[in-house]
Amino acid sequence: MAVEVKSVMIVGVGGQGSLLASRILGNVLMEQGYDVKVSEVHGMSQRGGSVVTYVKYGEKVYSPVIEKGEADAIIAFEQLEAARYVPYLKENGHLIVSTQKIDPMPVITGAMKYPEDIIGKLKAKDIDVIAVDALSLAEEAGNPKSSNVVLMGVLSKRLGFEREVWINALKQCVPEKFLELNMKAFELGESVAEA
Amino acid sequence: MKKLMLGNDAFARGLFEAGCTVVSSYPGTPSTEITEAVAKYEEVYAEWAPNEKVALEVALGASIAGARAFCGMKHVGLNVAADPLYTASYTGVNAGLVIAVADDPGMHSSQNEQDSRHHAIASKIPMVEPSDSQECREFVKQAFELSEKYDTPVIVRMSTRVAHSQSGIDLGMRNNIELKPYKKDAGKFVMVPANARKRHYDVEERMQNIKEDYKFNSIFNKVEKKATVAGIITSGIAYQYAKEVFGDEVSFLKLGLVNPLPDQLLIDFASNYDEVYVIEELDGIIEDRCKALGLNVKGKEIFGCIGELSQSIIAEKLKGIVNKVKSFDEDVPVRPPVMCAGCPHRGLFYSLSKIGATVMGDIGCYTLGASAPLNAMDATICMGASISSLHGFNKARGEEAEKKTVAVIGDSTFMHSGMTGLVNIAYNATNSTVIILDNSITGMTGHQQNPTTGYNLKGDVAAKVNLEELCKALGIKRVRVVDPYNMAQTEKAIREELEVKEPSVIISRRPCALLKYVKHAPALKVDNDKCKSCKACLKIGCPAISIRDSKAFIDHTQCVGCGICQEMCKFDAIGGKQ
Numbered sequence: 056m057a058v059e060v061k062s063v064m065i066v067g068v069g070g071q072g073s074l075l076a077s078r079i080l081g082n083v084l085m086e087q088g089y090d091v092k093v094s095e096v097h098g099m100s101q102r103g104g105s106v107v108t109y110v111k112y113g114e115k116v117y118s119p120v121i122e123k124g125e126a127d128a129i130i131a132f133e134q135l136e137a138a139r140y141v142p143y144l145k146e147n148g149h150l151i152v153s154t155q156k157i158d159p160m161p162v163i164t165g166a167m168k169y170p171e172d173i174i175g176k177l178k179a180k181d182i183d184v185i186a187v188d189a190l191s192l193a194e195e196a197g198n199p200k201s202s203n204v205v206l207m208g209v210l211s212k213r214l215g216f217e218r219e220v221w222i223n224a225l226k227q228c229v230p231e232k233f234l235e236l237n238m239k240a241f242e243l244g245e246s247v248a249e250a
Numbered sequence: 386m387k388k389l390m391l392g393n394d395a396f397a398r399g400l401f402e403a404g405c406t407v408v409s410s411y412p413g414t415p416s417t418e419i420t421e422a423v424a425k426y427e428e429v430y431a432e433w434a435p436n437e438k439v440a441l442e443v444a445l446g447a448s449i450a451g452a453r454a455f456c457g458m459k460h461v462g463l464n465v466a467a468d469p470l471y472t473a474s475y476t477g478v479n480a481g482l483v484i485a486v487a488d489d490p491g492m493h494s495s496q497n498e499q500d501s502r503h504h505a506i507a508s509k510i511p512m513v514e515p516s517d518s519q520e521c522r523e524f525v526k527q528a529f530e531l532s533e534k535y536d537t538p539v540i541v542r543m544s545t546r547v548a549h550s551q552s553g554i555d556l557g558m559r560n561n562i563e564l565k566p567y568k569k570d571a572g573k574f575v576m577v578p579a580n581a582r583k584r585h586y587d588v589e590e591r592m593q594n595i596k597e598d599y600k601f602n603s604i605f606n607k608v609e610k611k612a613t614v615a616g617i618i619t620s621g622i623a624y625q626y627a628k629e630v631f632g633d634e635v636s637f638l639k640l641g642l643v644n645p646l647p648d649q650l651l652i653d654f655a656s657n658y659d660e661v662y663v664i665e666e667l668d669g670i671i672e673d674r675c676k677a678l679g680l681n682v683k684g685k686e687i688f689g690c691i692g693e694l695s696q697s698i699i700a701e702k703l704k705g706i707v708n709k710v711k712s713f714d715e716d717v718p719v720r721p722p723v724m725c726a727g728c729p730h731r732g733l734f735y736s737l738s739k740i741g742a743t744v745m746g747d748i749g750c751y752t753l754g755a756s757a758p759l760n761a762m763d764a765t766i767c768m769g770a771s772i773s774s775l776h777g778f779n780k781a782r783g784e785e786a787e788k789k790t791v792a793v794i795g796d797s798t799f800m801h802s803g804m805t806g807l808v809n810i811a812y813n814a815t816n817s818t819v820i821i822l823d824n825s826i827t828g829m830t831g832h833q834q835n836p837t838t839g840y841n842l843k844g845d846v847a848a849k850v851n852l853e854e855l856c857k858a859l860g861i862k863r864v865r866v867v868d869p870y871n872m873a874q875t876e877k878a879i880r881e882e883l884e885v886k887e888p889s890v891i892i893s894r895r896p897c898a899l900l901k902y903v904k905h906a907p908a909l910k911v912d913n914d915k916c917k918s919c920k921a922c923l924k925i926g927c928p929a930i931s932i933r934d935s936k937a938f939i940d941h942t943q944c945v946g947c948g949i950c951q952e953m954c955k956f957d958a959i960g961g962k963q
């Protein structure tokens, strides 16, 4: 029998901070006593390219990667990336997506078009889509770069671990001078998840 | 509680705990973080060498001197270090010497996907292969023991998924090891033919001894025996994929020592099962050994030797299971990596594209100049090849080529292996034009210092190579510096140097826009009344510029105000801050 593990994918555009998000989540899960694997990609793919990190947890995790049809949740930092990675979602999986749009180079050069109403089309597929304007909330918190932490705030309400564990993980992963800003971003994420 | 750690960080922890004191490496994805992490321990001296050959020789020197030493690199780096590697096999060590080589199946960040186990076999050096962070730490410590017990360097083979995955590890204390005495031993360390002939016997004997001593279950090689009809022989990350698919449904032989392979263990394991599969990434090295031993195993005929494996590939090939997937019904535009907003390489590559130059490229962020819309690269091979292949290209095609062909190479890559190519241009005389893209850092691997930056790995001020003086000393009389943010000046310089009938170097100098000390100008804004929708600003391929409602639009979260797009706009529509 295959081993039961939970899988969370974090997808976005290089530079959006998906690495930090995956590390915060990884620390939360370790604190909960799970066996955890977090897989990242560094180097070439980070330069404004499509970036994927995998977080897996359970009693015993073997493979660090997530394959098509395996993700219990996908957190997409950008709409097009949500569309790109939706095949990785499990039946009944959850898709948390930031409404931010970043044109990739083939769209900028006019070679391809950015699809319209991605969120509407994904909802029509009977997928549980939670759309969040994370960029505006991050700007409200004081820095557009904190939208990764806003989305962790949203996720925290879905996973249901104790709040204190998340705050501890934030303190471990974020430099102290940015902690207040990120706490604000996290709270804003929590509040929209509850709304 | 276990600590969540990247494979590379756990590797560094293992180096620390093993009492390693001297580290010399060259950065390369996915190996870089090992050396960055170990440099943070005060007890360890760590440096970035100019290239992997130098790094390995430094580490070998430290080992001969009596200190436990380490050298890390990516797979292609081992090709550069192959010269000392093959002879270090003959000399052996004094204190332990461990080498990390990080393979990149799937080529996430590499120019080929060579399987470094071939180097271990050919150089007759033991190789161990961890499959998660905990094993990274343990195997490194064991590798030092192996190195000293059998008088040999030991290679630890990493791969992208092991290096860049985090999993839990236990931390141990550092074993502070005294410097071993150094005693002159020419027969062992002076590899002239008379000595090397004798040492070759020692090498063969050593490998036989290791084979004998590790022929059963060991710290590295483990049998997980279940009452099953099928068995799987595997190693490294492939073990994790296979284990996820099969759990305890089949028996496993997990190999941690991948050179030399334990013949007796392979025979004992395989003879227990009706079906035996060898699951290994890249080449069929374990499988070939099994077949040479007369074992009936299957592997590459099922899985092939290209790209990464995964649990779903194994599940599909061996169980016929394919996951159901949802999909988005329209074409999703690809999102390839691009030069960052404000990247100093952009202006240089736009100028090359405008001139229509033939461009011999090299390894670094600037390889992205090959992508649309710049499309300004003709060849990329390996570190340093831009300069030497430019010389060959010009020798083959003569003056016609010299007037339109350039080499582009970064500052770190030039220090790594560009200098010798430049000497060749001066010495063997082509009127070649070499452009050094000096962004004052090793960029692609994530900002490592190098001999041109004025700082060392520990962050201390260091001697700084003066590129202008260096190029002149190598025999190039025409050396000039341009600012790639000034495209008119840059284009003019390239055109002039292509015309002159002597070799020349253009240093395109501007620090990487991502460096912390680089101050950014405020984001630029498009004046919609002035914008004529001509899209000239899109030709530079800046990720911050797109079209919104038929007008150019600048994303203020990305723009760093470099001004390249302003130079493109004939209507003065881009200006001011947002």
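From first to last, the protein sequence lines stand for chains A and B.
Per this note's numbering, the very first residue in the first sequence carries number 56; after that it's consecutive.
Per this note's numbering, the very first residue in the second sequence carries number 386; after that it's consecutive.
In this text, a Cβ means the ideal position worked out from N, Cα and C, and glycines have one as well.
Enclosing beta strand (DSSP E) for residue i [first to last residue]
i	result
residue 801 of chain B	From DSSP, residue 801 of chain B is part of no beta strand (DSSP E); its letter is neither H nor E.
residue 939 of chain B	936-939
residue 591 of chain B	Not the beta strand (DSSP E): residue 591 of chain B falls in the alpha helix (DSSP H), residues 578-598.
residue 819 of chain B	818-823
residue 94 of chain A	90-94
residue 795 of chain B	790-795
Local conformation of residue i per DSSP, three classes
i	result
residue 959 of chain B	strand
residue 132 of chain A	coil
residue 876 of chain B	helix
residue 69 of chain A	coil
residue 946 of chain B	coil
residue 713 of chain B	coil
residue 489 of chain B	coil
residue 609 of chain B	strand
residue 845 of chain B	coil
residue 917 of chain B	coil
residue 625 of chain B	helix
residue 631 of chain B	helix
residue 256 of chain A	This structure leaves residue 256 of chain A out entirely; chain A is present only between 56 and 250.
residue 472 of chain B	helix
Beta-carbon proximity check, residue i vs residue j, cutoff 7 Å
i	j	result
residue 942 of chain B	residue 199 of chain A	yes
residue 843 of chain B	residue 395 of chain B	no
residue 436 of chain B	residue 465 of chain B	yes
residue 529 of chain B	residue 440 of chain B	no
residue 840 of chain B	residue 848 of chain B	no
residue 184 of chain A	residue 174 of chain A	yes
residue 640 of chain B	residue 620 of chain B	yes
Straight-line Cα distance separating residue j from residue i
i	j	result
residue 760 of chain B	residue 590 of chain B	54 Å
residue 874 of chain B	residue 757 of chain B	23 Å
residue 622 of chain B	residue 895 of chain B	40 Å
residue 434 of chain B	residue 141 of chain A	43 Å
residue 242 of chain A	residue 235 of chain A	11 Å
residue 608 of chain B	residue 130 of chain A	39 Å
residue 712 of chain B	residue 178 of chain A	12 Å
residue 920 of chain B	residue 814 of chain B	43 Å
residue 482 of chain B	residue 535 of chain B	11 Å
residue 491 of chain B	residue 692 of chain B	4 Å
residue 864 of chain B	residue 821 of chain B	10 Å
residue 949 of chain B	residue 480 of chain B	54 Å
Residue range of the alpha helix (DSSP H) that includes residue i
i	result
residue 653 of chain B	648-655
residue 673 of chain B	670-677
residue 259 of chain A	Shown here, chain A extends from 56 to 250; a query on residue 259 of chain A therefore has no answer.
residue 163 of chain A	160-163
residue 213 of chain A	202-214
residue 523 of chain B	518-535
residue 695 of chain B	First-last for residue 695 of chain B: undefined, no H or E at that position.
residue 218 of chain A	218-228
In chain order, what are the residue ranges of uninterrupted beta strand (DSSP E) at least 3 long that sit wholly in the stretch 540-575 of chain B?
550-554
Where are the alpha helix (DSSP H) runs, 4 residues long or more, that stay fully inside the stretch 388-470 of chain B, in chain order?
392-402, 417-423, 437-450 and 460-465
At what residue ranges does the stretch 734-787 of chain B contain a whole run of the beta strand (DSSP E), taking only runs of 3 or more?
743-745
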